[in-house]
Structures are given as structure tokens and as C-alpha cells.
């Protein structure tokens, strides 16, 4: 281990990939365990009707699940959701409003999200070109997943799982905006 | 098909769940068992998912529970065993060796300290989430993280950033 390569323990941990691939496909055994034919006799998920989501939605979800981690790694900031949840309001302008993800359709959420988006648009240009490109690509993935989930919800509006996935996507968007705000805060401080 | 939709969720999240299980157990075969147990348990619990947390956080909680259950079955799961290096994906380039060093050092940490470092330091969970998943006090989670960071830094011969 060359200490110069890392600089700090946090850098070293940030470089570790969160997702690893098992050596074999685990799905067949899982599918067998949850096979409706084998579980029909008892109550539970086997009796639940699941929406027929399009392949595109699955792909969007898979990509979007990686986005927060990628942007977090690039920007080297702790997860914004934790900060929002714990702090309620932080010092950065983007965090001046408490955001509740349990009520994202409220006026307060809409207003807070708009403020975060405005800050993001103002500051994204301050990022290094490579970082900016990564963040913008991630935001596009989040927005695509958002659109796909909304499309699936239009066909299955009562699906609690889809509704929760939509909340998750909204949260990832907020996290990305907040991470950009946090990452650019020192640059603003230096200017003043 | 009931399973087809759940498979989409599995495909989206299996990487992180397996990564989490591998780092907590240190053994690829055991991590695979825990990952399977996690998704089977998630399938059964899915109707009760109320969305009070992110789906991934909810899934990680189930994964940690699967690991803890395996540990109770195999007591001790392993005694300061090396992380199963073969199971780790090695990135191409010069960073590969360093990354593997970190993973190996992680595997040499005491289980309690390693658990918290993996959940908080790598997967970004809060101490409150970490404590709830592991069944420990929030203060214990913080103390274990501090201990883990000290031990890991010492093993790797690198500095700690001051808060």
C-alpha cells in the first residue's frame, strides 16, 4: 500500500465499489424459493398481483440505483439524505429548507426541490468538466427512471411498490442537487 | 408472472446486496447464501414495505439480518478470517492492488467494528440506520466506527482526515 496513492482513509473507502457481482447467478434458486406454485397454499406475497413492468423500467431502475453512489463518489460528499434527515436544515443554501420525503407532493417539498434545482443550475458549471459531465449524465438517468416509473404508475396507479420507487428516485434527485451544492460551497467561500 | 417483476428488482439491487454481504461475511459462498436469503425474505416482506425508508435501505436491513442469522447458525462464523479475495472484482489498472489491500484490511477488522465501517463508511448509512440494522446503540455504532477507522488506518499506514 502506497500511502501517497490514497492520501486518507476516506479516499480509500470511497474508491471501493459498492456493488460486486456474485460468481454465479443467484436468481434461479431465489425464483424457485418464491415460486407461486410452491407458495400458493399460504398467504403472503404469492397472492399479490404484481404489475408487468416493462424491461425499460427495470433497466432504468438498475441504472438509477447506481447513480447516487457514483455522484457521491465523484463529489466525495456523505450521502445527502442522511444529512437532510439528521440535520433538517444545514448551512448550505440548498439545505435551508427541511425536506420531507414522506410528503413529496406538498407545497413545501415542491418549493424546496425547486430551490435545490435552481442552486444546482447555478453551480453545476463550477464543477470540473469531468465531474460535471458525470453529474449531468447521472441526472439524466434519474430523470429517465422518473419518467419510466411514472409511465408504469399510469398503468398501475395503486401499486405501493411503484409509488415507493418514485419516492426513491425523487430522493436521489435531491441528493444529487445537494451534493453539487455541498461540493461547490468551498469555491463560493474562497471567492468572498 | 409474479416472479418476473421481482426479478427486475433483484437485478437492480443484487450487486449492492451481495457486496454488502461479502464484506460482512468475508466468504463468497456465505455471501451468496445470505444474498439469496435476503431476496427471499424481501419477497415475503414486500407487501409490508411502507416506504418509510429508501427501498435500498430497507433491503440492506434485510441483508444484514440474513448475515446476523447466518452468524448465529455458524458460531463463530469465522475468526478474523481474511476476506475472500478471489470473490472481489479487481478493477483494471494501478488501483487494483490498493483496492484489494483495503478489502483485505477490512476483512481483518473485528466483526463489530467491520460491520459498522461497512455500513456507514462504504454504504453511506447513518449511525441510526447502522445501529438499527445491527441491533446496537447509536453510541456503540459511533464508537465502533472510530475504532474501525483507527485500526484500518494503522493497517494501511495511511492518515485519517480530521473532522
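Protein chains in written order, with the working numbering: chain A, 1 to 192; chain B, 193 to 355.
Even for Gly, the Cβ is constructed at its ideal location relative to N, Cα and C.
Compare the C-beta of residue i against all C-beta atoms of chain C and say whether one is closer than 8 Å.
i, result
"residue 183 (chain A)", "Among the chains of the structure shown, chain C does not appear; the protein chains present are A and B."
Could you check how far apart the C-beta atoms of residue i and residue j are, in whole angstroms? I think they sit under 8 Å.
i, j, result
"residue 29 (chain A)", "residue 228 (chain B)", "6 Å"
"residue 294 (chain B)", "residue 340 (chain B)", "Between residue 340 (chain B) and residue 294 (chain B) the Cβ distance is about 12 Å, and since that is not below 8 Å, they are no contact."
"residue 312 (chain B)", "residue 319 (chain B)", "6 Å"
"residue 247 (chain B)", "residue 164 (chain A)", "6 Å"
"residue 262 (chain B)", "residue 300 (chain B)", "The pair is not a contact, with the Cβ atoms about 20 Å apart (cut-off 8 Å)."
"residue 207 (chain B)", "residue 20 (chain A)", "6 Å"
"residue 202 (chain B)", "residue 27 (chain A)", "6 Å"
"residue 323 (chain B)", "residue 333 (chain B)", "4 Å"
"residue 152 (chain A)", "residue 162 (chain A)", "6 Å"
"residue 237 (chain B)", "residue 258 (chain B)", "So it is not a contact: roughly 12 Å between Cβ atoms."
"residue 235 (chain B)", "residue 34 (chain A)", "5 Å"
"residue 159 (chain A)", "residue 120 (chain A)", "Actually they are not in contact, since the Cβ atoms of residue 159 (chain A) and residue 120 (chain A) sit about 30 Å apart, beyond 8 Å."
"residue 252 (chain B)", "residue 338 (chain B)", "Actually they are not in contact, since the Cβ atoms of residue 252 (chain B) and residue 338 (chain B) sit about 22 Å apart, beyond 8 Å."
"residue 15 (chain A)", "residue 291 (chain B)", "6 Å"
"residue 22 (chain A)", "residue 224 (chain B)", "5 Å"
"residue 184 (chain A)", "residue 127 (chain A)", "7 Å"
"residue 242 (chain B)", "residue 31 (chain A)", "So it is not a contact: roughly 26 Å between Cβ atoms."
"residue 211 (chain B)", "residue 18 (chain A)", "6 Å"
"residue 336 (chain B)", "residue 305 (chain B)", "5 Å"
"residue 226 (chain B)", "residue 204 (chain B)", "Contact doesn't hold; Cβ gap of about 18 Å is too wide."
"residue 328 (chain B)", "residue 8 (chain A)", "Incorrect: roughly 26 Å between the Cβ atoms, too far for contact."
According to DSSP, is residue i part of a helix, a strand, or is it coil?
i, result
"residue 193 (chain A)", "Lying before the first or after the last residue shown, residue 193 (chain A) is absent from chain A, which here runs from 1 to 192."
"residue 359 (chain B)", "Examination of residue 359 (chain B) is not possible in this model, given that chain B is present from 193 through 355 alone."
"residue 136 (chain A)", "helix"
"residue 123 (chain A)", "helix"
"residue 315 (chain B)", "coil"
"residue 266 (chain B)", "coil"
"residue 302 (chain B)", "coil"
"residue 129 (chain A)", "helix"
"residue 186 (chain A)", "helix"
"residue 245 (chain B)", "coil"
"residue 293 (chain B)", "helix"
"residue 24 (chain A)", "coil"
"residue 328 (chain B)", "coil"
"residue 219 (chain B)", "coil"
"residue 209 (chain A)", "This structure does not reach residue 209 (chain A), given that chain A is present from 1 up to 192, and the question cannot be answered."
"residue 178 (chain A)", "helix"
"residue 229 (chain B)", "helix"
"residue 156 (chain A)", "coil"
"residue 35 (chain A)", "coil"
"residue 333 (chain B)", "helix"
"residue 245 (chain A)", "No answer is possible for residue 245 (chain A): it lies beyond the span of chain A, which begins at 1 and ends at 192."
"residue 30 (chain A)", "helix"
"residue 349 (chain B)", "coil"
"residue 240 (chain A)", "Look at the range of chain A in this structure, 1 to 192, and you will see that residue 240 (chain A) is not part of it."
"residue 54 (chain A)", "Caution applies to residue 54 (chain A), whose pLDDT of 48 falls short of 50 and renders its modelled position unreliable; the value that the coordinates give is listed next. Coil, per DSSP."
Going by the C-beta, is residue i closer than 7 Å to any heavy atom of the ligand NAD?
i, result
"residue 120 (chain A)", "With respect to the ligand NAD, the structure offers nothing, as it holds no ligand at all."
Kindly confirm or deny that the segment 201-217 of chain B and the segment 171-182 of chain A touch, where touching means at least three C-beta pairs closer than 8 Å. no
With a cut-off of 8 Å, do at least 3 Cβ pairs link the segment 129-144 of chain A to the segment 175-190 of chain A? yes
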